[in-house]
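Novice: Residue numbers (our numbering): 1417 to 1675.
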Amino acid sequence: MKIATWNVNGVKARLDSVLTYLREAGPDVIGFQEIKCVDEAFPAEAFEEAGYTLALHGQKGFNGVAIASRLPLEDVRRGLPGDGADEQARYIEATVIGNTTAIRFASLYLPNGNPIGSEKFAYKLAWLKRLEAHARRALKDEMPLVLAGDYNVIPEPVDAKRPDAWTSDALFQPESRAALRRIAALGFTDALRACHPEPGVYTFWDYQAGAWTKDNGIRIDHILLSPQAADRLTGAGVDRFTRGWEKPSDHAPVWVELG
DNA sequence: ATGGTGGTTCAACCA
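1) What three-state label does DSSP hand Q1449 in the structure shown?
2) Taking F1532 as part of the beta strand (DSSP E), name the residues at either end of that continuous run.
3) Please confirm whether D1566 and R1635 have their CB atoms less than 8 Å apart.
4) Using a Cβ distance threshold of 8 Å, determine whether the segment 1570-1587 contacts the segment 1606-1619, with at least three qualifying pairs required.
5) CB-CB under 7 Å to S1642, same chain, minus the five flanking residues each way: which ones, in chain order?
6) Assess contact between the segment 1458-1466 and the segment 1442-1449, defined as three or more Cβ pairs (one per stretch) separated by less than 8 Å. Is contact present?
7) Tell me, to the nearest whole angstrom, how far the beta carbon of L1674 is from that of I1419; I am working on the premise that it is less than 8 Å.
8) L1587 and V1569 look like a contact to me (Cβ under 8 Å); what is the Cβ gap, rounded to whole Å?
9) Classify F1374 as helix, strand or coil using the three-state DSSP reduction.
10) I'd like to check one pair, N1528 with A1505: are the Cβ atoms closer than 8 Å?
11) Between which two residues does the alpha helix (DSSP H) carrying D1432 extend?
12) From R1659, A1522, D1432, G1442, pick the residue whose C-alpha is nearest to that of Y1623; which is it?
13) Under three-state DSSP, which class holds Y1539?
14) Can you tell which of G1500, S1523, W1628 has its C-alpha closest to the C-alpha of S1485?
15) Look at the Cβ atom of I1639, then the Cβ atom of A1607, and state whether they are nearer than 8 Å.
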């Protein structure tokens, strides 16, 4: 089963690119982040014609997450538990019915959190705590669990071309990194890093200052695998080629193959 | 280098 995640930075602006990617990469299931539209405005017909069924959790103008799958989806959960007052659409989860086994798959969009010290940064850290609590509960199930998305956290200096340029950024704060480490320590495998220990593995290049042409990237899109999912990991990668397309997203897709 | 670019919605916010 090929599983992918992609922050598309606006699904309506990126529709042609996304459909091309589905044709060329052919993921069985893919999580999207920053669809930036309400469910009713999502171009669902184009995905259905491409053979994908959808689970949506949209929001007007900002955020918004979705799952597209060639395999049946069941038991869709919208929103991350732990704060009933949180109205930001950043989390959706569903069971993917595979040919041999089912997996639980989440598409998540963690808050950016800039600037540090602000309410946005506190929201980011609170969201990480909620994700930890939810992941701890979900791990108790028997099903393989895949937590994929834009985490907005640079885990280690090796995950940035210029780590010194990020020291005062919410994406690289010690608190953000420690919170992600606590989640990983529950028993998850960082699939991309596990398959690619070498430096230079990035998933995001800013639109500004020629970051793409200078390969001035960071690795902030992650796929975390529960032990049951990690046992089946046969490969992972970044589809950097999409970043070189016309009108690209600033993120590239990340994928894993589970045998 | 406190700039620079891009999406959504329509003056401003978010990243």
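For every residue, glycine included, the Cβ atom is placed at its ideal position computed from N, Cα and C.
Specialist: Working from what's here:
1) strand
2) Note that residue 1532 is Ile in the sequence shown here, rather than Phe. Premise fails: I1532 is in no beta strand (DSSP E) and is neither H nor E.
3) no
4) yes
5) L1555, P1560, L1561, G1603, F1604
6) no
7) 7 Å
8) 6 Å
9) The requested residue 1374 does not occur in the structure, where the chain is confined to residues 1417 to 1675.
10) no
11) 1431-1441
12) R1659
13) helix
14) S1523
15) yes
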